[in-house]
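What follows is a set of notes on a single structure, which appears directly below.
Number of protein chains: 4
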Amino acid sequence: MNQPTAQESGAHDGIRIITTGGTIDKIYFDARSQFEVGDPVIGHVLEEALVKHPWTVQELMQKDSLEIDDADRLRIREAVQSAPEKRILITHGTDTMAKTAEAIAETGDRTVVLTGSLSPARFRSSDAIFNIGAAFAATQCLPAGTWLFMNGQVFKAGDVKKNLDSNCFEAL
Amino acid sequence: MNQPTAQESGAHDGIRIITTGGTIDKIYFDARSQFEVGDPVIGHVLEEALVKHPWTVQELMQKDSLEIDDADRLRIREAVQSAPEKRILITHGTDTMAKTAEAIAETGDRTVVLTGSLSPARFRSSDAIFNIGAAFAATQCLPAGTWLFMNGQVFKAGDVKKNLDSNCFEAL
Amino acid sequence: MNQPTAQESGAHDGIRIITTGGTIDKIYFDARSQFEVGDPVIGHVLEEALVKHPWTVQELMQKDSLEIDDADRLRIREAVQSAPEKRILITHGTDTMAKTAEAIAETGDRTVVLTGSLSPARFRSSDAIFNIGAAFAATQCLPAGTWLFMNGQVFKAGDVKKNLDSNCFEAL
Amino acid sequence: MNQPTAQESGAHDGIRIITTGGTIDKIYFDARSQFEVGDPVIGHVLEEALVKHPWTVQELMQKDSLEIDDADRLRIREAVQSAPEKRILITHGTDTMAKTAEAIAETGDRTVVLTGSLSPARFRSSDAIFNIGAAFAATQCLPAGTWLFMNGQVFKAGDVKKNLDSNCFEAL
Numbered sequence: 001m002n003q004p005t006a007q008e009s010g011a012h013d014g015i016r017i018i019t020t021g022g023t024i025d026k027i028y029f030d031a032r033s034q035f036e037v038g039d040p041v042i043g044h045v046l047e048e049a050l051v052k053h054p055w056t057v058q059e060l061m062q063k064d065s066l067e068i069d070d071a072d073r074l075r076i077r078e079a080v081q082s083a084p085e086k087r088i089l090i091t092h093g094t095d096t097m098a099k100t101a102e103a104i105a106e107t108g109d110r111t112v113v114l115t116g117s118l119s120p121a122r123f124r125s126s127d128a129i130f131n132i133g134a135a136f137a138a139t140q141c142l143p144a145g146t147w148l149f150m151n152g153q154v155f156k157a158g159d160v161k162k163n164l165d166s167n168c169f170e171a172l
Numbered sequence: 001m002n003q004p005t006a007q008e009s010g011a012h013d014g015i016r017i018i019t020t021g022g023t024i025d026k027i028y029f030d031a032r033s034q035f036e037v038g039d040p041v042i043g044h045v046l047e048e049a050l051v052k053h054p055w056t057v058q059e060l061m062q063k064d065s066l067e068i069d070d071a072d073r074l075r076i077r078e079a080v081q082s083a084p085e086k087r088i089l090i091t092h093g094t095d096t097m098a099k100t101a102e103a104i105a106e107t108g109d110r111t112v113v114l115t116g117s118l119s120p121a122r123f124r125s126s127d128a129i130f131n132i133g134a135a136f137a138a139t140q141c142l143p144a145g146t147w148l149f150m151n152g153q154v155f156k157a158g159d160v161k162k163n164l165d166s167n168c169f170e171a172l
Numbered sequence: 001m002n003q004p005t006a007q008e009s010g011a012h013d014g015i016r017i018i019t020t021g022g023t024i025d026k027i028y029f030d031a032r033s034q035f036e037v038g039d040p041v042i043g044h045v046l047e048e049a050l051v052k053h054p055w056t057v058q059e060l061m062q063k064d065s066l067e068i069d070d071a072d073r074l075r076i077r078e079a080v081q082s083a084p085e086k087r088i089l090i091t092h093g094t095d096t097m098a099k100t101a102e103a104i105a106e107t108g109d110r111t112v113v114l115t116g117s118l119s120p121a122r123f124r125s126s127d128a129i130f131n132i133g134a135a136f137a138a139t140q141c142l143p144a145g146t147w148l149f150m151n152g153q154v155f156k157a158g159d160v161k162k163n164l165d166s167n168c169f170e171a172l
Numbered sequence: 001m002n003q004p005t006a007q008e009s010g011a012h013d014g015i016r017i018i019t020t021g022g023t024i025d026k027i028y029f030d031a032r033s034q035f036e037v038g039d040p041v042i043g044h045v046l047e048e049a050l051v052k053h054p055w056t057v058q059e060l061m062q063k064d065s066l067e068i069d070d071a072d073r074l075r076i077r078e079a080v081q082s083a084p085e086k087r088i089l090i091t092h093g094t095d096t097m098a099k100t101a102e103a104i105a106e107t108g109d110r111t112v113v114l115t116g117s118l119s120p121a122r123f124r125s126s127d128a129i130f131n132i133g134a135a136f137a138a139t140q141c142l143p144a145g146t147w148l149f150m151n152g153q154v155f156k157a158g159d160v161k162k163n164l165d166s167n168c169f170e171a172l
């Protein structure tokens, strides 16, 4: 699951999308009366949005962000560093998104944008599609470095936290 | 309809949104069996997306973009030039979006991003929410100048057209 | 388009769905800046609703109901009378739905329910899915005869009209 | 929460809706990374469906159906028996819906229809709206007794179970 397919690997000018799980991909399993991280939705979102800019999805892990540990962050960093593309979008759970952003702040000449959502993309009303659109554009517009987009705002890695009381991202 | 309200006018650090109509705002009037440009959807989209970054909506006109003429483009340019904000998002019909972008290419030190959608925001499946998210982020990320976002791609004003055969935007 | 396929024809105990067009199936064609009656949505709606009861779709015509004339009503009546199933759901535009219901009021021992919607099923907010669910249940519950379901209410054919001022169906 | 308001109580000819919780009303609380039964959605669904037939909502409890016990079933039965309306729709979780239906099979001259959904109504794709439409029509069409609508089918109380392997309702 964690290696891009041959079919995908030609798009060096495009945007690499690395998915790690989080609320954005949550789906409901009635049989277990439980919500779990499901397959990434971002491919469907990009098709629905009629995106013609080249992109490729690399499914790296399917975790709640509270379960993402330092070993996982190392894997994310390696996936970024070994990507043939210069522009990378990462979908990630919100609880530790700011921490992962900081852990991968050194990107060389790559532009990396993390995003996710506070409610699942499969909901009728969600911040997911807006955030994916925002991050997809931001990877094309921002200089090299690691960035985060949530609550309608672009943040620099290391300068953002999730405020647990307001359930919103804000600058430090 | 075309003047920002007093309540809105303080947000100089925020993003001014100028709405001009287009498919993105189309609504169905069963009584007339007709689709027409309705009230702007962008405010609802930003609320659903849990946007905390300040923004204000200025409803300038409600037109199909085929009906937008040079006098309208002058009004749009004046609205841009008289805006207190440096960052401006314009929603616009797709047929003449590239033409309007070119007509307002001189923005001084403002960053202006035009977007719209190929199907109405009120549809269950549409490029509208993705495009609004993208444009909202792009206004924060791009340098001064006029830009256009459609089909997943950031274009420079003057370097983009809508290909009527493929129904997609592409670089000149 | 107007003949059921062989694959479909075994389901005599199931519900036959005859589609005639109307707002419920309207789709937006950006290339022509126009809304037109598209392919029937009802199959997708039934799949999304996890329907296990057998059904088959017969696409009879794709018309705005204002364009449906007496020859069309004859075709609809013939489709009803030649159906192997006893339970029939018809999707139809709203403007002349009451007239068509009356024209096919004689059904022998068949239960026929007409429905449609005041806004397209492809909209995020629409009466379409609710109405299809209602009509699908009503075909199973009602005695022989022709019925109409709109605005949350079951009406008998001949005892209903669309009030053009309120844009609602009401009993005569 | 469990008493109808004075404003509601006049609609004796209408449909009483008793909500008990279940997947249909589940909402996501990001702050707790958890899905829980939220406020009933059915009022919004009926408004979106442009329902003109009178109805009133009585919020009786907000429970996963696995948590509904015999005391709860007694409360549901009492709510049915004390309702001024003859036609009653109950929304209920799916896991014990068949059991509750059986427990309230004696309704005197009332028509009672239970429904729910296998995925939350707040999802973009769900069986919820279809099922609500179906149950709303079925209460108008069926004779006195207790019924259940799921998976596109009307079942008689006592003659239906949820098949846990296929995750579908089927006749006994």
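Residue numbers (UniProt numbering), protein chains in the order written: chain A, 1 to 172; chain B, 1 to 172; chain C, 1 to 172; chain D, 1 to 172.
Quick reminder that beta carbons are idealized off the backbone N, C-alpha and C, glycines included.
The beta carbon of Ile-24 of chain D sits closer than 6 angstroms to the beta carbons of Thr-91, Gly-116, Ser-117, Ala-121, Ala-128 from its chain, once the five residues preceding and following it are set aside; these are given in chain order. Here Ile-27 of chain B carries a strand assignment [DSSP, helix/strand/coil]. Along the length of the segment 128–166 of chain A, whole alpha helix (DSSP H) runs at least 4 residues long occupy 128–141, reported in chain order.
Sequence-ordered contacts of the segment 98–127 of chain A with chain D read Ser-117, Leu-118, Ser-119, Pro-120, Ala-121, Arg-122, Phe-123, Arg-124, Ser-125, Ser-126 [C-beta pairs closer than 9 angstroms]. In the DSSP assignment, the residues bridged to Thr-19 of chain B are B:Glu-59, B:Thr-91. 8 angstroms or more divides the Cβ of Thr-107 of chain B from the Cβ of Ile-68 of chain B. Sorting C:Thr-146, C:Phe-35, C:Gly-22 by C-alpha distance to the C-alpha of Glu-102 of chain C places C:Thr-146 at the top.
Neighbourhood of Phe-155 of chain A in chain B, by CB distance below 7 angstroms: empty, with the nearest CB roughly 10 angstroms away. Against chain A, the beta carbon of Gln-140 of chain B has neighbours under 7 angstroms at Val-154, listed in chain order. Val-113 of chain D carries a strand assignment under DSSP once its states are collapsed to helix, strand and coil. Against Ile-18 of chain B, chain A offers no close residue; the least beta-carbon distance is about 17 angstroms (beta-carbon pairs closer than 8 angstroms). Separation of Lys-63 of chain A and Val-37 of chain A (C-alpha to C-alpha, rounded to the nearest whole angstrom) is 7 angstroms. The C-alpha of Ile-18 of chain A lies about 17 angstroms from the C-alpha of Glu-47 of chain A. Separation of the CB atoms of Asn-151 of chain B and Leu-50 of chain A is rounded to 5 angstroms, and the pair is thereby assigned contact status at 8 angstroms.
When the five nearest sequence neighbours on each side are left out, the beta carbons in the same chain lying within less than 6 angstroms of the beta carbon of Gly-22 of chain B are those of Ser-65, His-92, Gly-93, Gly-116, in order along the chain.
Per DSSP, the beta-bridge partners of Val-37 of chain D are D:Lys-26. For Ala-49 of chain A, there is no enclosing beta strand (DSSP E), as DSSP gives it neither H nor E. For the options D:Ala-138, D:Ser-119, D:Asp-95, the alpha carbon positioned closest to that of Arg-110 of chain D is the one of D:Ala-138. Neighbours of Phe-136 of chain D across chain A, judged by C-beta separation under 7 angstroms, do not exist; the nearest C-beta is about 20 angstroms away. Looking at the backbone, the Cα of Phe-123 of chain D and that of Lys-26 of chain D are separated by about 10 angstroms.
Sequence-distant Cβ neighbours of Asn-163 of chain D in its own chain, meaning closer than 8 angstroms and more than five residues away, are Phe-169, Glu-170. In terms of beta-carbon proximity, Phe-169 of chain D stays away from the interface with chain A, with every pair separated by 8 angstroms or more. Residue environment for Phe-130 of chain B: buried (at least 16 other C-beta atoms within 10 angstroms of its C-beta). Comparing alpha carbon positions, the residue from D:Val-80, D:Leu-172, D:Arg-87 closest to Thr-20 of chain D is D:Val-80. Burial is judged here by how many other beta carbons sit within 10 angstroms of a residue's own beta carbon; Glu-78 of chain A has fewer than 16 and is exposed. A Cβ of chain A is located within less than 8 angstroms of the beta carbon of Phe-35 of chain D.
DSSP places Ala-171 of chain D in no alpha helix (DSSP H) but in the uninterrupted beta strand (DSSP E) bounded by 168–171. For Asp-72 of chain D, the enclosing alpha helix (DSSP H) has its first and last residue at 70–81.
Contact between Ile-88 of chain C and Arg-16 of chain C is confirmed by a C-beta separation of about 5 angstroms, below the 8 angstroms threshold.
In this structure, Leu-148 of chain D lies away from Lys-161 of chain D, with their beta-carbon atoms at least 8 angstroms apart. The shortest C-alpha to C-alpha distance from Lys-52 of chain D to any of D:Ser-126, D:Arg-75, D:Gly-133, D:Asp-70 is the one to D:Gly-133. Across the set D:Asp-95, D:Lys-86, D:Val-57, the C-alpha of D:Asp-95 shows the shortest separation from the C-alpha of Asp-165 of chain D. Where Glu-102 of chain A is concerned, the enclosing alpha helix (DSSP H) starts and stops at 97–103.
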